[in-house]
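*Asks:*
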Amino acid sequence: MMHTTNGSISKLGWKSALDITCILLALPIWLPLMILLMIVTRLASPGPVFYRQKRVGLGGRPFLIWKFRTMKVSAETQTHEHYFHELMAGDRPMTKLDTYGDPRLAPFGRFLRASGLDELPQIFNVLCGEMSLVGPRPCTPNEFAHYEPWQRERENGLPGLTEYWQVNGKNKTTFNEMIRMDLFYLENRSILLDLKIMLKTGAVIAGQLLESQRGHNAMGANCAKPESGSIPTSVPGTAIRMGLENNLPIKTAFENKWNAIDTRVNE
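Counting in this note's numbering, the sequence shown runs from 277 upward without gaps.
1. So the candidates are Met-454, Ile-315, Asn-432 and Ser-391; which of them puts its Cα closest to the Cα of Ser-408?
2. Quick check on the DSSP output: the beta strand (DSSP E) that includes Trp-342 runs from which residue to which?
3. Have a look at Arg-380, Tyr-359 and Pro-379 and flag the residue whose alpha-carbon is nearest the alpha-carbon of Thr-371.
4. Taking DSSP as the reference, what is the three-state secondary structure of Tyr-327?
5. By how many angstroms is the C-alpha of Ile-315 removed from the C-alpha of Ala-351?
6. Who does Val-332 pair with in a DSSP beta bridge?
7. Among Pro-417, Leu-485, Phe-400 and Trp-290, which has the Cα closest to the Cα of Ile-299?
8. Let me know if Ile-455 comes out buried or exposed under the rule of 16 or more other beta-carbons within 10 Å of its beta-carbon.
9. Determine, using beta carbons only, whether Gly-405 and Asp-394 come nearer to each other than 9 Å.
10. Near Met-347, which residues of its chain fall below 7 Å by C-beta distance, leaving aside the five closest residues on each side in sequence?
11. Taking the CB atoms as reference points, tell me whether Glu-429 and Tyr-461 lie closer together than 9 Å.
12. One question on the structure: do Ile-481 and Ser-391 come within less than 9 Å of each other, judged by their Cβ atoms?
13. DSSP three-state call for Gly-436: helix, strand or coil?
14. What does the alpha-carbon distance come out to for the pair Asn-447 and Trp-441?
15. Taking the alpha-carbon positions, what's the Lys-343 to Pro-397 distance?
16. Ignoring anything shorter than 3 residues, give me the beta strand (DSSP E) runs that lie fully in the stretch 371 to 425, in order along the chain.
17. Let me know the beta strand (DSSP E) ranges lying completely inside the stretch 435 to 482, each 3 residues or longer, listed in chain order.
18. Alpha carbons only, please: which of Gly-411, Leu-388, Met-364 and His-356 is nearest the one belonging to Ser-466?
19. On the criterion of 16 or more Cβ atoms from any shown chain inside 10 Å, does Val-443 qualify as buried, or is it exposed?
20. When you compare each of Met-457, His-422 and Lys-472 to Arg-413 by their alpha carbons, which one comes out closest?
21. According to DSSP, what are the bridge partners of Met-310?
22. In terms of DSSP beta bridges, what is Met-347 paired with?
23. For Cys-415, which residues of its own chain have a beta-carbon under 7 Å away from its beta-carbon, when the five flanking residues on both sides are left out?
24. Which value, in whole angstroms, describes the spacing of the CA atoms of Glu-419 and His-361?
25. Please determine, among Leu-486, Met-310, Arg-345 and Ile-341, the residue with the shortest C-alpha to C-alpha distance to Pro-417.
26. Whole angstroms are fine: how far does the CA of Ala-302 sit from the CA of Leu-319?
27. Give me the Cα-Cα distance between Arg-368 and Gly-445, rounded to the nearest whole angstrom.
28. Enumerate in chain order the residues of its own chain whose CB-to-CB distance from Lys-476 is below 7 Å, with the five nearest sequence positions on each side excluded.
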């Protein structure tokens, strides 16, 4: 399909060509890495190496994504679903639930999530035409059911492995800011913009790993020296949710980005 506006679905031919070209050029890097991660995941935790989950794709159509399994086999998912609903409803940064530790994670799972390498198998979703290398991250059907009509417009393009939001604030932005960035990207897609996002993703991942390590160290320090009256960290998600409720909304420079589209794309 050709790219159109006003909420219509679009699928660009150049994106498929760019995706396949980049995947083939990077084959000597991602294929050995994927094999190594398969071995590590198998040795680190009993259970399947891969995890498949239903997500919402182009035009609201469901599909199954591939991921490296990062959770223990018996882990529950209600905590994450409840936490994300709070983020959707509130005006606060989308800090990941596992940033400061999550007992549901399998060994090596925290590293995979912080680095984004758990998403690497979605290269096969890209090759199947269900995803693109760059595009709004695919949401779950449960999340999609709570979207407002204007928010559903983010599904008018192929979901991606990385995206504009991911390299422009990510966990420091609110849910609605993420949606607006997704819509901004869909209205301004180009080969140049996709290449810029891909190149910037590596630096962002390095920052995420550093942030994750700091959070892990802070969590360890809190567990080693509990203060009087502190919240028990053994209760999954409780300390995180209660701490975030006291955060002030973070003001970002997104409004400037939104009002300077031509400058942002052509720089």
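Heads up, the beta-carbon is just placed ideally off N, CA and C, and yes, glycines get one too.
*Replies:* According to the structure data:
1. It is Asn-432 whose Cα lies nearest to the Cα of Ser-408.
2. 338 to 344
3. Tyr-359
4. strand
5. Taking the straight line from one Cα to the other gives about 21 Å.
6. Pro-338
7. Phe-400
8. Counting of Cβ neighbours within 10 angstroms places Ile-455 among the buried residues, the total reaching 16 or more.
9. No, Cβ-Cβ distance for Gly-405 and Asp-394 is not below 9 Å.
10. Arg-380, Leu-381, Ala-382 and Gly-385
11. no
12. yes
13. strand
14. 9 Å
15. Looking at the two C-alpha atoms, the distance is approximately 5 Å.
16. Listed in chain order, the complete beta strand (DSSP E) runs (minimum 3 residues) inside the stretch 371 to 425 are 408 to 410.
17. Note on the stretch 435 to 482: whole beta strand (DSSP E) runs with a minimum of 3 residues are 436 to 438, in chain order.
18. Ranking the options by Cα distance to Ser-466, first place goes to Gly-411.
19. Val-443 comes out buried.
20. Met-457
21. Answer by DSSP bridge pairing: none, since Met-310 is not bridged.
22. Leu-381
23. Arg-331 and Val-332
24. 8 Å
25. Ile-341
26. Taking the straight line joining both Cα atoms gives about 26 Å.
27. 13 Å
28. Cβ neighbours of Lys-476 beyond the five flanking positions: Val-443.
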